[in-house]
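UniProt numbering applies: residue 1 is where the sequence shown begins, and numbers increase by one.
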Amino acid sequence: MYRYGAYEVERLAVSPVRRECSEEADMTGIIDRVRSQSIEQVLLALDWSDRERLEELRRFFRVFPIPVRLIPDRSMRDVLKYTESATSLVVDLQREPLGRVEQLLKRLLDVTVAFTSLVVLSPILLLTAFLIRAQDGSPVIFRQRRMGFNNQMFFIYKFRSMRVMEDGSNVSQARRNDLRVTPLGKILRRTSIDELPQLFNVLKGDMSIVGPRPHAVAHDNEYGRMISEYAFRRHVKPGITGWAQVKGFRGETVRLEQMAKRVELDLWYINNWSIALDVHIIARTAFALARGRNAY
């Protein structure tokens, strides 16, 4: 594993000795190192005949939004396309989702849209806060832990629409005619006004206007075990709206197949990202806000 910065290169290795005993400790150490330092890419130097090990490491590194590259063994170097990395020829197993320029453009769009929306919608925000406080008391804002870009934890903001505020190992999704939802909360959820405080999440840099929708941590853990590609959603910042939402996958998820389809659409968005696509999704979301479909 290498970190390129000011000509600095660092190598970490998973010990081949007694691998079944040291595996968990080795992987934990690598996770900590990748997240605590500015790791720019991962290079794997493995025997290509060890298919099981290659697949195991590919699955492991998919949680990180950085390039993962394989150094070909000698028998394959002459027959494969490659990317030059430092002094080695490598094969891309996982590419970086957005380059530096793309990240900058997306951030500029996020800040512009979030700031403009807060200014334009400030009367609605203030009125909503007043009505929640008057009808149901404090708190006005509901904060819940979510997993964001590169598995970083953050608190998502919403106008409180329910009588209970769950944020633990067991979180129940809101359902149609859910008794936990307040009378005012039904209106807020139907019109998506309850999501407006997430504009502050965007300004803070925790979220983007467009991206995969973040789920409660308890649901993340559950879906991550059942859907193999779920972790790839964290290669970009989570969004207030997304490609899956404008395609109709919004609100309660009753069957695993529904979440699998969401993940499929989220990954399509990540792999095909462009500023034009973000603008398209924002425009479609704006037209759909008044419908309140699939939100209760």
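All residues carry an ideal CB built from backbone N, CA and C; glycine is no exception.
- Ser274 carries a coil assignment under DSSP once its states are collapsed to helix, strand and coil.
- Under the 8 Å Cβ criterion, the stretch 106-121 counts as touching the stretch 263-280, having at least three qualifying pairs.
- A residue is called buried when at least 16 other Cβ atoms come within 10 angstroms of its Cβ; Arg233 meets this threshold and is buried.
- By the Cβ-count criterion, Val254 is exposed, with fewer than 16 other Cβ atoms from all chains shown falling within 10 Å of its own Cβ.
- Taking 8 Å as the upper bound for CB-CB distance, Phe159 and Leu196 are in contact here, some 7 Å apart.
- In the displayed model, Ile187 falls within a helix according to three-state DSSP.
- By the neighbour-count criterion, in which 16 or more other beta carbons inside 10 Å mark a residue as buried, Val101 falls on the exposed side.
- By the neighbour-count criterion, in which a residue is buried when 16 or more other Cβ atoms sit within 10 angstroms of its Cβ, Pro139 is exposed.
- Ser228 and Arg180 have their C-alpha atoms spaced approximately 32 Å apart.
- The C-beta distance from Val202 to Ala114 rounds to 4 Å, short enough to fall under 8 Å.
- Residue state for Met153 is assigned as strand, using DSSP reduced to three classes.
- Burial of Lys237 is indicated by the presence of at least 16 other C-beta atoms within 10 angstroms of its C-beta.
- For the pair Gln41 and Ala218, the Cα-to-Cα distance works out to about 29 Å.
- DSSP places Ala216 within a strand segment (E or B) once states are collapsed to three.
- Distance from the CA atom of Leu267 to the CA atom of Asp220, rounded to whole angstroms, is 16 Å.
- Per the coordinates, the alpha-carbon of Val119 lies some 28 Å from the alpha-carbon of Lys247.
- The residues Phe154, Asp206, Met207, Pro214, Arg234, Lys237 and Pro238, in chain order, have a CB closer than 8 Å to that of Gly148 in the same chain once the five nearest residues on each side in sequence are set aside.
- About 5 Å separates the CB atoms of Ile240 and Gln198; that is less than 8 Å, so the two are in contact.
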